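Peer 1: In our numbering, the protein residues as written are 1 to 624.
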C-alpha cells in the first residue's frame, strides 16, 4: 500500500483524484464511499486549498521576473534593479513670446508659475512657467522670447528631515506630477533660510560624498519618491533640513495642440501684453505603461547610460520623450546622401504628426549627456508613404443577410484595423497576402477579393525659387521593360502646379519608362511635353530627382487647397517595407472598396454568360 501522494498535478480535478486515491489506499478509510459521503466535501476543501496555494505560488514565481510580472509595483521594482526609472506623466509644453505694452523700468521679472490660459474644444486649461525670468528691454521693447510654458498647476510640498525616523520618505503627493518639472531645494532649517538647489543624479561614477544630488524612483502606489545620498554616494541630509519639492501637476495630454494663449494676471505689474505662439503645445502623455517598462528597462541596462549604438539612441529618446509612439535611429552615413558624424532619429508622436522645433531641440540637448562627443544627434520628421488600395470583393448573397453596403463598410473596417494595428510605425511592413486574407475573413459570405495597390508620397515645393527636389519611395517601382507605357505616361503621375513665367498653364509630371521624369501640360486630353528631362527616376530603388523647378503655385488636390505636390506610382512588389524614417499608412479615405454579388456562387441564371472579374493589375485612377 502506497503512503505517498502524487504532487506533480496542480489542476483541481487532478488534485482531488490524487487525494481520493491516496486515502482509499489507507486502511483507516478502506470502506468509505468517497463520492457519496461527507468525505467528498472534505476532499473538495483540501483540493481547493491546494489549488489556491499552487496558483499563488505560480503567481509569485511570475512576479519575480520582469518578463512575466503583471503587478505594476513589481515591474517597477524589477526595473529599478536594472537602473531604470519609469517616466511620470508629462505636461504638454508650448513656447511663446510675450511683449509687454507700455512697460517701464530697467528690467522686468516674470515669476515662476506665471499663468496663461487656453481652450481646447471648449475646455479651459492653464499653462504656467517653470522658472523665474529677468528681462532687460532692447531698444525700448520689453519682450520675453521663447518662453516654455507647461500645462498644469505649480505645486509645492515641504518635509522636515527627521534622521531618527528610518522610515521617513519624501514622496511627491500627486500621481499627476510631471517629474521633469521637479525642483528640489534644501533649506538648512526653519530658522536658517539658506537654501541649496539639488540636481537629479545621473552619472553615478562622478558622484562624491559632497555631491548635492537627489535620486528619483516610482513608489509602490505609483507616486514618485525622492531620496538623497548617504555621505558616500551623494551628500546626506541633516536633521532639521527642510526638503522643498516644487513641481507641476498636469492634466496629461488633454491640451496637446493648444495654440492660442492669454496672460492670466500680470507680469511685473504689467497686464497689457501681446502673446505670440512659437510652437503649439505637445508632448503631454500618461505615465509609462507596464508593457513599455518591461520592454525598455533591459535596453536601458544594456546601454549602460550612454548612447553609442542606434539602439541606445532609440532607448534614450523613449525615456526622454514618452509621447513617442515609434522611434528609429540610423547613422547619417546610411542616408541616400551620406552625412558623416551624425545620428539621425525619426520620432512619430502619439499626438500630432510632427514635433515642434522646440521639442526637437529639447531632446537633442538632453541627449548630449549620453552621446559620444564626436557624434551629433539630429531629430527628423517621419516620412509617410501612403498606400492606395483598389479592392473588389465577391460575395455569395445566399450565405448572408447583410447588404452589399454593409459588407463594404465591414471590409473598410477590416482595412482600417489592419492599418492601425500593423502599420503607422517605423517597423510596420505592409504584407499583401495578410491583408487580402483578412478581407476574405471579414464575413463568411465573402468568396474572394482582387486587390491592387499604388504608393504615394508628397513634397512641399518652395514657391518663387528655382529648386530641385528628391523623393524617396525606398521600394522598387514597377517597370517591366525599358520604355514601359511610354506613350501613356509611364508609371508616375503627379498633382498639378504652375511655374513662374507661364502661369496660364497647369503642369504635371510623368515618366518615359527609360528613367526620365517629364513635365507636360494638357491640350484637351493630349499631353504636350515641354521638358522631357525634368528629372530622373531609379526604378530599382524608387528614388526620384526633380531638376530645378520654379513653381509659382500649387493646384488644388481633390477639390481642396493644398500646400504639397503628390507623386503616385505602382510598386514592384505588393509587399512594401519601410526604410529608416519611413512610415507606411493605408490612405483608407482615398482607397476604393467595391462589393459585388458573385453570380456563379449565387446561382444566377446568367452566371456563365455575364460573369465579370476585376483586373488583377493596378488600375487605380488618381483623381486630383
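Glycine is no exception: its CB is placed at the ideal position from the N, C-alpha and C atoms.
The structure presented is a predicted model; accordingly, all values stated were derived computationally and were not measured.
Beta-carbon separation of residue 389 and residue 458 under 8 Å?
Peer 2: Their beta carbons are not under 8 Å apart, which means residue 389 does not touch residue 458 by this criterion.
Peer 1: Thinking residue 161 and residue 239 are a contact (beta carbons under 8 Å), I'd like their distance in whole angstroms, please.
Peer 2: Yes, residue 161 and residue 239 are in contact; Cβ-Cβ is about 6 Å, under 8 Å.
Peer 1: Rounded to the nearest angstrom, what separates residue 117 and residue 197 at their Cα positions?
Peer 2: One C-alpha to the other measures close to 29 Å.
Peer 1: From the DSSP output, in three-state form, read off residue 274 for me.
Peer 2: Strand at residue 274.
Peer 1: Hey, is the stretch 244-251 in contact with the stretch 208-220, meaning 3+ C-beta pairs nearer than 8 Å?
Peer 2: Not touching, per the Cβ criterion.
Peer 1: Rounded to a whole number of angstroms, what is the C-alpha to C-alpha distance between residue 274 and residue 129?
Peer 2: Rounded to whole angstroms, residue 274 to residue 129 spans 16 Å at the Cα level.
Peer 1: For the alpha helix (DSSP H) that residue 293 lies in, which residues bound it at each end?
Peer 2: Here the alpha helix (DSSP H) through residue 293 covers 290-303.
Peer 1: What is the rounded straight-line gap between the Cα of residue 393 and the Cα of residue 409?
Peer 2: Going from the Cα of residue 393 to the Cα of residue 409 covers about 12 Å.
Peer 1: Is residue 55 helix, strand or coil when you go by DSSP?
Peer 2: Residue 55: helix per DSSP, three-state reduction.
Peer 1: Have a look at the DSSP bridge pairing and note the partners of residue 327.
Peer 2: Per DSSP, 347.
Peer 1: What does the alpha-carbon distance come out to for the pair residue 124 and residue 346?
Peer 2: Cα to Cα, the separation comes out at about 32 Å.
Peer 1: To the nearest angstrom, report how far apart residue 145 and residue 365 are at their CA atoms.
Peer 2: In a straight line, the C-alpha of residue 145 is about 19 Å away from that of residue 365.
Peer 1: What residues are listed by DSSP as bridge partners for residue 285?
Peer 2: DSSP, once it has assigned bridges, lists 90 as partnering residue 285.
Peer 1: In three-state DSSP terms, what is residue 486?
Peer 2: Here residue 486 sits in helix by DSSP.
Peer 1: What span of residues does the alpha helix (DSSP H) with residue 136 cover, start to end?
Peer 2: Looking at the DSSP string, residue 136 is not in any alpha helix (DSSP H), and its letter there is neither H nor E.
Peer 1: Just to confirm before moving on: does the CB-CB distance between residue 96 and residue 149 stay below 8 Å?
Peer 2: Yes. Within cutoff.
Peer 1: Mind checking whether residue 535 and residue 545 have CB atoms under 8 Å apart?
Peer 2: Yes, the pair counts as a contact, with Cβ atoms nearer than the cut-off.
Peer 1: Check whether the stretch 92-108 touches the stretch 260-277, counting contact only when three or more Cβ pairs, one atom from each stretch, lie closer than 8 Å.
Peer 2: Yes: at least three Cβ pairs fall under 8 Å.
Peer 1: With which residues is residue 380 paired in a DSSP beta bridge?
Peer 2: Answer by DSSP bridge pairing, in chain order: 346.
Peer 1: With burial defined as no fewer than 16 other Cβ atoms inside 10 Å of the residue's Cβ, what is the status of residue 282: buried or exposed?
Peer 2: Residue 282 is buried by the Cβ-count criterion.
Peer 1: Using DSSP with H/G/I as helix, E/B as strand and the rest coil, what is residue 18?
Peer 2: If DSSP states are grouped into helix, strand and coil, residue 18 belongs with the helices.
Peer 1: Just to confirm my understanding: we take residue 489, look at its own chain, exclude 5 residues before and 5 after, and list those with CB closer than 8 Å. What are they?
Peer 2: For residue 489, where only same-chain residues beyond five positions count, the Cβ hits under 8 Å are 510, 511, 527.
Peer 1: Report yes or no: do the stretch 81-90 and the stretch 282-294 share at least 3 C-beta pairs separated by less than 8 Å?
Peer 2: The answer is yes - the stretch 282-294 touches the stretch 81-90, with three or more Cβ pairs under 8 Å.
Peer 1: Which of the three DSSP states, helix, strand or coil, is assigned to residue 408?
Peer 2: Residue state, collapsed to three classes: helix.
Peer 1: Leaving out five residues on either side along the sequence, give the residues of the same chain with a beta carbon under 6 Å from the beta carbon of residue 593.
Peer 2: Here the set comprises 391, 408, 411, 412.
Peer 1: Buried or exposed: where does residue 55 fall if 16 or more other Cβ atoms within 10 Å of its Cβ makes it buried?
Peer 2: Exposed is the call here.
Peer 1: So for residue 60, helix, strand or coil by DSSP?
Peer 2: Helix, per DSSP.
Peer 1: By the three-class DSSP mapping on this structure, what secondary structure does residue 224 have?
Peer 2: Residue 224: strand per DSSP, three-state reduction.
Peer 1: Do you know how far the Cα of residue 228 is from the Cα of residue 234?
Peer 2: Each residue's alpha carbon lies about 7 Å from the other.
Peer 1: Closest to residue 436 by C-alpha separation, out of 173, 453, 270, would be which residue?
Peer 2: Selected option, being the one with the closest Cα: 453.
Peer 1: Going by C-alpha distance, which of 595, 508, 163 is nearest residue 402?
Peer 2: Nearest option by C-alpha distance: 595.
Peer 1: Would you give the residue range spanned by the beta strand (DSSP E) that residue 165 belongs to?
Peer 2: Here residue 165 belongs to no beta strand (DSSP E), and DSSP marks it neither H nor E.
Peer 1: In or out: residue 571 buried (at least 16 other Cβ within 10 Å) or exposed?
Peer 2: Residue 571 is buried by the Cβ-count criterion.
Peer 1: Taking residue 433 as the reference, give the member of 253, 418, 443, 599 with the closest Cα.
Peer 2: Among 253, 418, 443, 599, the Cα nearest to that of residue 433 belongs to 418.
Peer 1: Where does residue 582 land, buried or exposed, given buried means 16+ other C-beta within 10 angstroms?
Peer 2: Classification for residue 582: buried.
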